[in-house]
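Trainee:
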Amino acid sequence: MMDIELTHIDIMWQPEPIRFTLLGLLCTPTTKRLLLQDCCLPTWSSYVLVPGLTTLELVNPCIETDYIFSLPPSQARPRHVIVEGNDIGDVVDWLVASGELLQEVSSICIRHFTSDYDSGDRLVHATTLKNPKVIEVGLLCSD
Numbered sequence: 001m002m003d004i005e006l007t008h009i010d011i012m013w014q015p016e017p018i019r020f021t022l023l024g025l026l027c028t029p030t031t032k033r034l035l036l037q038d039c040c041l042p043t044w045s046s047y048v049l050v051p052g053l054t055t056l057e058l059v060n061p062c063i064e065t066d067y068i069f070s071l072p073p074s075q076a077r078p079r080h081v082i083v084e085g086n087d088i089g090d091v092v093d094w095l096v097a098s099g100e101l102l103q104e105v106s107s108i109c110i111r112h113f114t115s116d117y118d119s120g121d122r123l124v125h126a127t128t129l130k131n132p133k134v135i136e137v138g139l140l141c142s143d
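The sequence shown: position 28 = 28 (full-length UniProt numbering), numbered continuously.
1. Going by C-alpha to C-alpha distance, which of 140, 136, 105 sits closest to residue 115?
2. Could you name the residues that DSSP lists as bridge partners for residue 3?
3. Spatial neighbours of residue 79 within its chain, please: C-beta separation below 8 angstroms, excluding the five flanking residues on both sides.
4. So the beta strand (DSSP E) residue 81 belongs to, where does it begin and stop?
5. So, under 8 angstroms CB-CB, residue 27 and residue 62 are touching, yes? Tell me the CB distance rounded to an integer number of Å.
6. Hey, would you say residue 96 sits closer than 9 angstroms to residue 83, going by beta carbons?
7. If I measure Cβ to Cβ from residue 126 and keep anything under 7 angstroms in the same chain, skipping five residues before and after, which residues do I get?
8. If the criterion is Cβ atoms closer than 9 angstroms, does the pair residue 4 and residue 31 meet it?
9. Which residues mark the beginning and the end of the beta strand (DSSP E) in which residue 57 is found?
10. Give the secondary structure of residue 64 by DSSP, where H, G and I count as helix, E and B as strand, and everything else as coil.
11. Which two residues bound the contiguous beta strand (DSSP E) that contains residue 111?
12. Mapping DSSP to helix, strand and coil, what is residue 51?
13. Looking at the structure shown, is residue 88 part of a helix, part of a strand, or coil, going by DSSP?
Set out below in structure tokens:
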């Protein structure tokens, strides 16, 4: 079992060998926990997430919306999803649109600024359709 933590990486703007290595890391079959902090991901990156992933943490995420094209739904079914940060609207859209990604979520934690209330509400609504056991929502201070 493996935990992966990536910080301050914009996957699409990496040189090709590094980009392929990072994407290969995201789809490592033994990955159980994935933390992406201050990372920018292409919209299609949910497709490479592995089925065995149990925890997905997105802290101050960025979704590169310039690269939109149709792919099969994600095979990942994390049980725990954590989304935290400023301007989470794009990542909420990404999670909701990623096919079955939220299908087996049993706990979700959202920490956002008041300006992202609608995004947090949309994610809670999309997840509650799947009956999670734990929902934690917190507001972040700008200080």
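A virtual CB, placed ideally from N, CA and C, is assigned to each residue, including glycine. Please read all numbers here as calculations on a predicted model, not as lab measurements.
Mentor: In brief:
1. 140
2. 33
3. Apart from the 5 residues on each side of it in sequence, residue 79 sits with its Cβ closer than 8 angstroms to the Cβ of 54, 55, 104, 105, 106, 107 in its chain, given in chain order.
4. 80-85
5. The pair is not a contact, with the Cβ atoms about 20 angstroms apart (cut-off 8 angstroms).
6. no
7. 96, 102
8. yes
9. 55-59
10. Three-state DSSP puts residue 64 in a strand.
11. Element bounds for residue 111: 107-112.
12. coil
13. coil
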